[in-house]
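Its first residue numbered 1, the sequence shown is counted upward by one per residue in full-length UniProt numbering.
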Amino acid sequence: MVLMRQEIGDVLRDFRLQKGRTLRQVAGEASVALGYLSEVERGQKEASSEILAAVAEALQTPLSVIMGEVSERLAVIEGLSLPISSGVPDTVPAEFVSGYAPALVS
1 MVLMRQEIGD VLRDFRLQKG RTLRQVAGEA SVALGYLSEV ERGQKEASSE
51 ILAAVAEALQ TPLSVIMGEV SERLAVIEGL SLPISSGVPD TVPAEFVSGY
101 APALVS
């Protein structure tokens, strides 16, 4: 069974590491308890939409980009033949995604 919270946690961790940020830095900027964010990244806790938005802002990454990556990973796990995007849609303003590198699908 696929757990969405696990995929969300994996994607958040991947984006955080791509940005070279520590868990402590992101938790502080997002005003989220360090332990709670750690549990979210490990797929042990469900994050509210408010928490996800705060973490996305701390990572300087649009929430739509994060959730798009989650969606693509779920499609791969479910065996759907959806094309994996090669990056950020051109409708996302460039200043929101500067330095964005798509996470690798595992």
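Note that beta-carbon positions come from the ideal geometry of N, C-alpha and C, so glycine has one too.
Everything numeric in this text was worked out from a predicted model, so none of it was measured.
Identity of the residue in the options nearest residue i by Cα
i: Leu-37; options: Gly-79, Val-70, Gly-68 and Arg-5; result: Arg-5
i: Ile-8; options: Gly-79, Leu-80 and Ser-49; result: Ser-49
i: Ile-66; options: Val-76, Lys-45, Arg-16 and Gln-25; result: Arg-16
i: Arg-42; options: Pro-62, Gln-18 and Asp-14; result: Asp-14
i: Ala-58; options: Gly-20, Ser-71 and Ile-77; result: Gly-20
Simplified DSSP state of residue i, which is helix, strand or coil
i: Ala-47; result: coil
i: Ala-33; result: coil
i: Met-1; result: coil
i: Gln-60; result: coil
i: Gly-28; result: helix
i: Gly-9; result: helix
i: Ser-86; result: Low per-residue confidence applies at Ser-86: pLDDT is 49, beneath 50, and the placement is therefore not dependable enough to give any value.
i: Arg-16; result: helix
Boundaries of the alpha helix (DSSP H) in which residue i is found, first to last residue
i: Arg-73; result: 63-77
CB contact below 7 Å: residue i versus chain B
i: Ala-33; result: Given the protein chain composition of this structure (a single chain), no chain B is represented.
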